[in-house]
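The opening position of the sequence shown corresponds to residue 47 in our numbering, with each subsequent residue numbered one higher.
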Amino acid sequence: MDFLSHAALVGFMAGAAIIIGLQQLKGLLGITHFTTKTDAVSVLVSVYKSLHQQITSEEKVSWFHHFTYVLIKFN
């Protein structure tokens, strides 16, 4: 591609990957009521609202510990 810079192509592909990944959270987390919008903020708000209603406190603590472990392990 001679017409677009490398930074523009990488930015576009990264943005597309983030949007696709966020849209896959519905199936991954088993969310039944999900937004039909595709912007990142609407999807994250929908995921937060769904998880806030479905997950118990013990599960939240467990997820937090796993997430913290992954951050520490791979940093």
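Positions of the beta carbon are idealized from the N, C-alpha and C atoms, including for glycine.
Using the C-alpha atoms, what's the distance from residue j back to residue i?
| i | j | result |
| --- | --- | --- |
| Ile118 | Phe49 | 41 Å |
| Leu97 | Glu105 | 10 Å |
| Val93 | Met59 | 23 Å |
| His79 | Gln99 | 11 Å |
DSSP on residue i, reduced to helix/strand/coil?
| i | result |
| --- | --- |
| Leu50 | coil |
| Lys119 | helix |
| Phe110 | helix |
| Ile64 | helix |
| Gln70 | coil |
Should residue i be labelled buried (16 or more other beta-carbon atoms within 10 Å of its own) or exposed?
| i | result |
| --- | --- |
| Val87 | exposed |
Between the beta-carbon of residue i and the beta-carbon of residue j, is there less than 9 Å?
| i | j | result |
| --- | --- | --- |
| Leu68 | Val89 | yes |
Could you tell me whether any Cβ in chain D is nearer than 9 Å to the Cβ of residue i?
| i | result |
| --- | --- |
| Gln69 | Of the protein chains in this structure there is only one, and it is not chain D. |
So residue i and residue j are supposed to be a Cβ contact under 8 Å. How far apart are they, rounded?
| i | j | result |
| --- | --- | --- |
| Val65 | Thr84 | In the sequence as presented, Val is not what sits at residue 65; that position holds Ile. So it is a contact: roughly 6 Å between Cβ atoms. |
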